[in-house]
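Novice:
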C-alpha cells in the first residue's frame, strides 16, 4: 500500500518533539517487545526536532526519501500509495479499509499526523501540552495521555497547535428498507471474502483460532487461499474439546486441539504479567480471553505462521450475545426494533478495548493479528440490516445471518446452527482462571 517513503512497521513506539529519556523508554517498553523471539529490531531516529524509539518488524528508508516518515502498525487497503501531503493522507484514510494505527511525519514542515482505523482495532495514545506532542503505542510510557479516537485524523503543527478532522464517522446507522435475506446473505458472503483476500495477500501460512461458527467460516474460506492451521484452545472435557472433535468428524476440518492444563494457565498468567500488557486483571473474563489469545499467538509464533486470525467483532455485528434475545424484533413498535440495532451499534463502538487487548498480546509475540470481521465495509453494511436478520427471537437463534452465510458456503446445517457459549466459557479457561485466582489470592 505505501511505497517510496520511509516506512517503519512497528510493534511498539514512542515519538515526541520534547527531550526524551531513551533509556527510560527502553526500560518501560523493551520488556514487552524483546521477549525471547529474537526478531525484534530497535530503531531510533532524530530529525528536525523529532525523536522516536521504535520496536520494528520492518524498516524501509529509500535513498533520499526521509522527508516523510510513516510509522504503521497493521495494514491499510487502498489502491494508491500516494501520501505526499496531508490532503493525500486524509483521502486515503477516508476511502480505505484496514486495521491500523498510523503516524505520518513531515520533517520539513514540522507536521505530525496520526490516526486509528474507524473501528479502533490498534492502540494509539497521545499527550498534547501546548507546543509539545508525544505519541505512543502504549499508554504507560506516558504519565497522562488521551486515547486517539477511531476514525479521526489528528494534525499537529510545530508552533501552531493541533486540530482534529473526522475522516470516517464510524459506522452511521441508516437502516436499509428494501433488502431481502437472500441479498443480505450473498452480499455479506462477498464482503467477508473480500476482507479475507485483502488481509491474506502476501502471506503464506496463518493460524486461525477456531471456536464458533464465525471462525469456522474464516477457516473454511481461508483454506482456499493459503496454508491454514485451524487451532482450538480448550481444557480437558470442555465443550470446545468435544466441539472440535465433532467438527473434525462432520466437516473433515483438521483442527489442532491445543489443550491447556492448570500449570499452562499459571505460566501464561505469569508471562502476561511479566509482559506488562495493558489488561484489567480485576476482570476474570478479560484475563481468560487474554490467556486464550496468548496461547494461540504463541502457537502461531512457534509454528512459523505469518499471522493469527480471529473472529472478533462477529458477535457485535451479527448479534451473538445471549442478551440480544431479550429484544423482540417482530414488534410493530419501531422503537423496540431500533433498540436492538442501536444496542448492536453501540456494542460495536465499544469493542475497541477488546480488539486492542488482543492486539497487545499478539504484538508481544511479534505475530500479526488479522481481524476479517473488523472490515469497515462489512461493518457499514451489516449494522444497517434489519435486526431480525441477525437475531431470531422466536427460535432463540443468534447470529442468524452468519449461520445462513455458513450454509451458503457448504457448512453442514448441524454445524452452522450448533449452539455455543462465549469462548472464555466454552473452552473451560474462565472456570480455571477463576479457580486459580482464588488460590493465588489466599
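Residue numbers (UniProt numbering): 1 to 442.
Cβ coordinates follow ideal geometry from the N, Cα and C atoms, glycine included.
I need the boundaries of the beta strand (DSSP E) containing residue 106, first residue and last residue.
Specialist: The residue you call residue 106 lines up with position 106 of the chain shown. Residue 106 -> beta strand (DSSP E) spans 97-106.
Novice: If you follow the alpha helix (DSSP H) that residue 246 is part of, which residue opens it and which one closes it?
Specialist: Locating residue 246 in the chain shown gives position 246, where the first residue counts as 1. Per DSSP, residue 246 belongs to the alpha helix (DSSP H) from 239-251.
Novice: Checking the sheet assignment: what are the DSSP bridge partners for residue 393?
Specialist: If you number the chain shown from 1, residue 393 lands on position 393. DSSP output for residue 393 lists no bridge partner at all.
Novice: Beta-carbon separation of residue 309 and residue 370 under 8 Å?
Specialist: Numbered from its first residue, the chain shown carries residue 309 at position 309. Numbered from its first residue, the chain shown carries residue 370 at position 370. Contact flag set, yes.
Novice: For residue 307, which three-state DSSP category applies?
Specialist: Numbered from its first residue, the chain shown carries residue 307 at position 307. In this structure, residue 307 counts as strand in the three-state DSSP scheme.
Novice: Judging by CA-CA distance, which residue of 98, 431, 235, 420 is the nearest neighbour of residue 315?
Specialist: Your numbering for residue 315 matches position 315 in the chain shown. Out of 98, 431, 235, 420, 420 has the C-alpha closest to the C-alpha of residue 315.
Novice: What ranges does the beta strand (DSSP E) occupy inside the stretch 156-244, keeping only unbroken runs of at least 3 residues that lie completely in it?
Specialist: 161-166, 205-209, 227-234, all fully within the stretch 156-244.
Novice: Between 93, 168, 223, which lies nearest to residue 196 when the distance is taken from Cα to Cα?
Specialist: Here residue 196 refers to the residue found at position 196 of the chain shown. Closest by alpha carbon: 223.
Novice: Should residue 295 and residue 344 be called a contact, given that it needs their Cβ atoms to be closer than 8 Å?
Specialist: Position 295 of the chain shown holds residue 295. Position 344 of the chain shown holds residue 344. Not a contact, by the Cβ cut-off of 8 Å.
Novice: Could you give the uninterrupted runs of the alpha helix (DSSP H) lying entirely in the UniProt domain "Asparagine synthetase" (339-429), keeping only those of 4 residues or more?
Specialist: Correct list: 352-364, 376-382, 400-408, 413-416, 423-426.
Novice: Any idea what DSSP makes of residue 79, helix, strand or coil?
Specialist: Here residue 79 refers to the residue found at position 79 when the chain shown is read from its first residue. Note: residue 79 maps to coil in three-state DSSP.
Novice: Flag this pair as yes or no: are the beta carbons of residue 204 and residue 227 separated by less than 8 Å?
Specialist: As a working note, residue 204 is residue 204 in the chain shown. As a working note, residue 227 is residue 227 in the chain shown. Cβ distance < 8 Å, so residue 204 and residue 227 count as in contact.
Novice: Residue 392 to residue 44, Cα distance in whole Å?
Specialist: For the purposes of this step, residue 392 is taken as residue 392 along the chain shown, with counting starting at 1. For the purposes of this step, residue 44 is taken as residue 44 along the chain shown, with counting starting at 1. Near 54 Å, if we compare the C-alpha coordinates of residue 44 and residue 392.
Novice: Candidates 297, 82, 122, 94: which alpha carbon is nearest residue 72's?
Specialist: Mapped onto the chain shown, residue 72 falls at position 72. The shortest Cα separation from residue 72 among 297, 82, 122, 94 belongs to 122.
Novice: Hey, out of 396, 208, 324, 263, whose CA is closest to residue 435's CA?
Specialist: Taking the chain shown and counting its residues from 1, one reaches residue 435 at position 435. Minimum Cα distance to residue 435 is reached at 263.
Novice: Determine the closest residue to residue 271 out of 377, 305, 361, 241, with distance taken between C-alpha atoms.
Specialist: Within the chain shown, the letter at position 271 stands for residue 271. The shortest C-alpha separation from residue 271 is found at 361.
Novice: Starting from residue 146, follow its DSSP beta bridges and name the residues at the other end.
Specialist: Stepping through the chain shown from its first residue, residue 146 is reached at position 146. For residue 146, which the question treats as bridged, DSSP gives the partners 126.
Novice: Considering only the beta carbon of each residue, do residue 234 and residue 269 sit closer than 8 Å?
Specialist: What you label residue 234 is simply residue 234 of the chain shown in a count that begins at 1. What you label residue 269 is simply residue 269 of the chain shown in a count that begins at 1. No.
Novice: Residue 67 by DSSP, collapsed to three states: which one?
Specialist: As a working note, residue 67 is residue 67 in the chain shown. Three-state DSSP puts residue 67 in coil, outside helix and strand.
Novice: Closest by CA to residue 365, which one among 382, 425, 350, 304?
Specialist: As a working mapping, residue 365 is identified with position 365 in the chain shown. Of the candidates 382, 425, 350, 304, the one whose C-alpha sits nearest the C-alpha of residue 365 is 304.
Novice: Tell me the rounded alpha-carbon separation between residue 415 and residue 258.
Specialist: Within the chain shown, residue 415 is the residue found at index 415, counting from 1. Within the chain shown, residue 258 is the residue found at index 258, counting from 1. Approximately 21 Å between the Cα atoms of the pair.
Novice: Check for me: the alpha helix (DSSP H) holding residue 267 runs from which residue to which?
Specialist: Position 267 of the chain shown, counted from the first residue, corresponds to residue 267. Segment 262-275, the alpha helix (DSSP H) holding residue 267.
Novice: Suppose contacts are defined by Cβ-Cβ distances below 8 Å. Is residue 126 in contact with residue 154 by that definition?
Specialist: Sequence index remark: in the chain shown, residue 126 carries index 126 (1-based). Sequence index remark: in the chain shown, residue 154 carries index 154 (1-based). Cβ atoms of residue 126 and residue 154: closer than 8 Å.
Novice: Sort 363, 385, 284, 46 by Cα distance to residue 19 and report the nearest one.
Specialist: Your numbering for residue 19 matches position 19 in the chain shown. Residue 19 has its Cα closest to that of 46, out of 363, 385, 284, 46.
Novice: Between which two residues does the beta strand (DSSP E) carrying residue 113 extend?
Specialist: If you number the chain shown from 1, residue 113 lands on position 113. That run of the beta strand (DSSP E) goes 111-116.
Novice: Can you grab the Cα-Cα spacing for the pair residue 230 / residue 108, in whole Å?
Specialist: Indexing the chain shown from 1 puts residue 230 at position 230. Indexing the chain shown from 1 puts residue 108 at position 108. Roughly 48 Å between the two C-alpha positions.
Novice: Using C-beta distances below 6 Å, list every residue in its chain close to residue 38, excluding the 5 sequence neighbours before and after it, in chain order.
Specialist: Translated into positions along the chain shown, residue 38 becomes position 38. With a pLDDT of 49 at residue 38, under the threshold of 50, the predicted position of this residue should be treated as unreliable, though the coordinate-derived value follows. Same-chain partners within the cutoff: there are none.
Novice: Give the DSSP-derived three-state secondary structure of residue 22 in the structure shown.
Specialist: Stepping through the chain shown from its first residue, residue 22 is reached at position 22. Three-state DSSP puts residue 22 in a helix.
Novice: Which of helix, strand or coil does DSSP assign to residue 12?
Specialist: Counting from 1 along the chain shown, the entry for residue 12 is found at position 12. Three-state DSSP puts residue 12 in a strand.
Novice: Which residues in the same chain have their Cβ closer than 8 Å to the Cβ of residue 90, if we skip the five residues on either side of it in sequence?
Specialist: Start at 1 with the first residue of the chain shown, and residue 90 comes out as number 90. Cβ within range, chain order: 153, 165, 167.
Novice: Where DSSP assigns a beta bridge to residue 73, which residues make up the other side?
Specialist: Your numbering for residue 73 matches position 73 in the chain shown. DSSP, once it has assigned bridges, lists 101 as partnering residue 73.
Novice: If we count the other Cβ atoms within 10 Å of its Cβ and call it buried at 16 or more, is residue 214 buried or exposed?
Specialist: As a position in the chain shown, residue 214 is number 214, starting the count at 1. Residue 214 comes out buried.
Novice: Are residue 17 and residue 133 close, meaning C-beta to C-beta below 8 Å?
Specialist: Reading the chain shown from its first residue, position 17 is the one you call residue 17. Reading the chain shown from its first residue, position 133 is the one you call residue 133. Yes.
Novice: For residue 412, is the classification buried or exposed, using 16 other Cβ atoms within 10 angstroms of its Cβ as the cut-off for buried?
Specialist: In the chain shown, the residue the question calls residue 412 occupies position 412. So residue 412 counts as exposed.
Novice: By DSSP, does residue 41 sit in helix, in strand, or in coil?
Specialist: For the purposes of this step, residue 41 is taken as the residue at position 41 of the chain shown. Strand.
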